[in-house]
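With this note's numbering applied, the sequence shown covers 41 to 281.
We put the beta carbon where it would ideally sit given N, CA and C, even for glycine.
Everything below concerns the one structure shown next.
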Amino acid sequence: MSFYESARDFISRDAATAWRLSIVTGDNPYEAIRQVEDFNAANGPGVVCDTLEIKAMTAYEIENVSAALPSGVKAFYEIAPKAGFEDIIAAASDAGQCAKIRTGGITADAFPRSDAIVRFVEACVAANVPFKATAGLHHPIRCFRPLTYEANSVKGTMHGFLNLFLMTGFAMESYRRSFLDSVMEEEFDEVFEFEPTEIKWRNEFTLNLHQIERLRRSGIRSFGSCSFDEPIAELQILGIL
């Protein structure tokens, strides 16, 4: 059964309320682009793929793939925070595209160090490249937890998605790297305060509504988690939702 046959009773026929899908590509982004063009032609306007998530190893790859993107489709290039990654982020900026960072996995070595994430974010901010983060962000605040849902799962330190969002906001306000490292490594939930007009960290450092809007528009766009329930449940426990 095709996607449309399964979903036709639920999707709108109005482009204004269309389902907008982000697709993670395989090893051949050009084949994925062709499939997206076919999918959008067959299923629009009520459902459309407008984002591709693509692993990128070099600036050259980003240049070539970006040139092949259909009109209206944005790419988020997954870039590992390794030596020379700043040049790859700069290529995404030149192409008018976005970046993506992998922030965890099912083993401890899949989690990048906090300072590596900070350097990635600083590079994105400097190049005016919005980004998203994926994997390992099950919990609002940095914590030591099981890495999978298996009964005998190994435990490890997991990055918090609130840490990441606030750190990015402060990076956009040109805070020092050592300060940003501290925000990423914060493990006490009580030092994060959410008020109607601002977010406060450690009762002193704030992001106001204007800064938060800029953060969401031009900084970090979204994050991915293997669980729908955990992030929501823990935000409810913290009294944020």
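Cβ distance (whole Å) where residue i is taken to contact residue j below 8 Å
i	j	result
Ile-37	Leu-204	Since the first residue of the chain shown is 41 and the last is 281, residue 37 is not available in this structure.
Ala-166	Phe-125	Rounded, the Cβ-Cβ distance is 12 Å, inconsistent with contact.
Ile-94	Ala-115	6 Å
Thr-143	Gly-176	5 Å
Leu-247	Leu-206	7 Å
Ser-154	Asp-221	6 Å
From the options, residue whose alpha carbon lies closest to that of residue i
i	options	result
Asp-67	Asp-49, Tyr-117, Asp-90	Tyr-117
Ala-96	His-178, Tyr-70, Glu-270, Asp-78	Tyr-70
Ile-252	Thr-237, Gly-264, Glu-244	Thr-237
Gly-264	Ala-47, Ile-63, Ser-46	Ile-63
Thr-174	Leu-92, Met-207, Gly-145	Gly-145
Cys-138	Val-105, Ala-156, Asp-155, Arg-153	Val-105
His-199	Thr-188, Phe-219, Met-224, Glu-190	Met-224
Ala-156	Glu-226, Ala-115, Arg-256, Ala-120	Ala-120
Asp-269	Tyr-189, Phe-160, Tyr-100	Tyr-189
Arg-48	Pro-271, Ser-267, Ala-82, Phe-234	Ala-82
Leu-275	Leu-255, Asp-229, Arg-256, Ser-258	Asp-229
Phe-219	Ser-262, Val-76, Val-158	Val-158
Lys-122	Pro-271, Arg-257, Thr-98	Thr-98
Phe-234	Leu-92, Phe-50, Gln-75, Leu-202	Leu-202
Val-161	Phe-210, Pro-186, Ile-272, Leu-278	Phe-210
Endpoints, alpha helix (DSSP H) assigned at residue i
i	result
Ala-273	269 to 277
Ala-150	First-last for Ala-150: undefined, no H or E at that position.
Ala-131	125 to 134
Residue interval of the beta strand (DSSP E) (run including residue i)
i	result
Phe-263	260 to 264
Ile-141	138 to 142
Specify whether the region 207 to 224 and the region 133 to 142 touch according to this definition: at least 3 beta carbon pairs, one from each stretch, less than 8 Å apart. no
List in chain order: all unbroken beta strand (DSSP E) runs of 3+ residues lying wholly within the region 50 to 119. Segments of the beta strand (DSSP E) lying fully in the region 50 to 119: 59 to 64, 87 to 95, 114 to 118.
Taking contact to mean 3 or more Cβ pairs, one atom from each stretch, closer than 8 Å, check whether the region 84 to 101 and the region 58 to 74 are in contact. yes
Any 3 or more C-beta pairs closer than 8 Å across the region 105 to 112 and the region 138 to 151: Cβ pair count under 8 Å is below three, so no.
Go through the region 169 to 254 residue by residue and report every complete run of the alpha helix (DSSP H) that reaches 4 residues or more, in order. 201 to 212, 217 to 224, 249 to 254
Segment contact flag, the region 168 to 175 with the region 185 to 196, C-beta cutoff 8 Å, min 3 pairs: No, the region 168 to 175 is not in contact with the region 185 to 196.
Quick one: any contact between the region 241 to 248 and the region 172 to 183, if contact means 3 or more CB pairs under 8 Å? no
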